[in-house]
Amino acid sequence: MDQIKRRGRPILTALLILALLPIGAVAIHRIVPPPTTLLMVKQAVAGNGLTYHWRGIDDISPRLVEAVIAAEDARFCEHRGFDFKAIEKALDSNARGRKVRGGSTISQQTAKNVFLWPGRDWVRKGFEAGYTLLIETLWGKRRIMEVYLNVAEWAPGVYGAEAAARRWYGKSAADLTPREAARLAAILPSPRRYQAASPGPYVRRRAGRIQAAMGTVRGEGLAACVLR
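Take the sequence shown: its position 157, counted from the start at 1, is 161 in my numbering, and no numbers get skipped.
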C-alpha cells in the first residue's frame, strides 16, 4: 500500500499543478494586461500584422461599452457567464434550419480570446466554459469588459478599441461618438470582412439598430456593472 501511495504522488502532484495553472493565469490577468493572444499570433504569422494598444476602461468611450452590450450580450450584467436564454434560442434556431446562431456571451468570448486557441471543437468549448467561470469569479464584470474591448479583433491584425478607433476614425477610443461606437460593434462578428469607417448597407443597417438599442442599454442600466 505504501508503494502504491509513493507511485501515485507524482501523478497527483502533476494533476494539482495542471489544475492550478489556469487559476494562476486568470489571477495574473486580473491585474496584468494580456501581452498577446493565440489569435493575434496566428494572424500575425499569416501576414496580417499586429496592432494592439491597451487602454484602461476609463480611457474607452462609455458609448462603446453600451454598443457592444447592445450588439453582443444584452444580459451581460445579469448572467454569471452563460446566457441560457440565448443558448436556448440559438439551439432552436439551428434546429429549425435557420441561419446558425451563437449563444456566446461577452464573458465566453473573452475567455476564448485570451486563454484559448481559435476553433469550434468540443475540447476547446469545454476549456472555454471552465475559464468563463474563473474570470466571472476572479475578475468581475468591469474587468471582463475591459479585457474584451482590448483583445477583440476589429480589422485584420487590429486588436482592441484604441487600435480600432485609430484605424477606422483616426482618433482615440475615448473620443468615439455613439455612431462610431455602433459601427465598431456592428463589424465585430466579421471584422475581416466589413469596414467601420465606410460601411456598406448591411453594416449601416446593423449599426442603426445597435445605436437605437444603446439608448435602451443606457436607459435601463444594462451597463451599470461596467460604467460608474
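C-beta atoms are modelled at their ideal positions from N, C-alpha and C, and glycine is treated no differently.
Helix, strand or coil at residue i according to DSSP, with G and I counted as helix
i           : result
residue 184 : helix
residue 158 : strand
residue 163 : strand
residue 41  : coil
residue 152 : helix
residue 198 : coil
residue 109 : coil
residue 232 : coil
residue 18  : Because residue 18 sits at a pLDDT of 47, beneath the cut-off of 50, its placement in the model cannot be relied upon, and the following sentence gives the value as read from the coordinates. The answer is helix: DSSP assigns residue 18 an H, G or I state.
Contacts around residue i, its chain only, beta-carbon distance under 8 Å, and the 5 residues preceding and following it disregarded
i           : result
residue 60  : 150
residue 40  : 54 and 56
residue 34  : 142, 143 and 147
residue 120 : 42, 128, 131, 132 and 135
residue 222 : 70
residue 50  : none
Inter-residue CB distance, residue i and residue j (contact presumed, cutoff 8 Å)
i           : j           : result
residue 139 : residue 115 : 6 Å
residue 91  : residue 148 : Between residue 148 and residue 91 the Cβ distance is about 18 Å, and since that is not below 8 Å, they are no contact.
residue 75  : residue 190 : 7 Å
residue 137 : residue 85  : 6 Å
residue 193 : residue 218 : 17 Å between Cβ atoms; not a contact.
Proximal residues to residue i (C-beta, below 6 Å), its chain only, five neighbours per side dropped
i           : result
residue 229 : 81 and 145
residue 152 : 110 and 114
residue 179 : none
residue 154 : 58 and 164
residue 27  : none
residue 238 : The chain is shown from 5 up to 232; residue 238 falls before or after that span and cannot be answered.
residue 79  : 87
residue 46  : none
residue 195 : 157, 158 and 159
residue 227 : 69, 70, 73 and 221
residue 77  : 109 and 110
residue 175 : 169
Nonlocal neighbours in the same chain, by C-beta distance under 7 Å from residue i, ignoring five residues either side
i           : result
residue 162 : 55, 168 and 171
residue 187 : 200, 203, 207 and 211
residue 29  : 119
residue 215 : 182, 183 and 186
**Message:** Does the contact criterion of 3 or more C-beta pairs under 8 Å hold for the segment 58-75 versus the segment 166-184?
**Reply:** yes
**Prompt:** So, do the segment 68-81 and the segment 207-224 have three or more beta carbon pairs nearer to each other than 8 Å?
**Reply:** Yes: at least three Cβ pairs fall under 8 Å.
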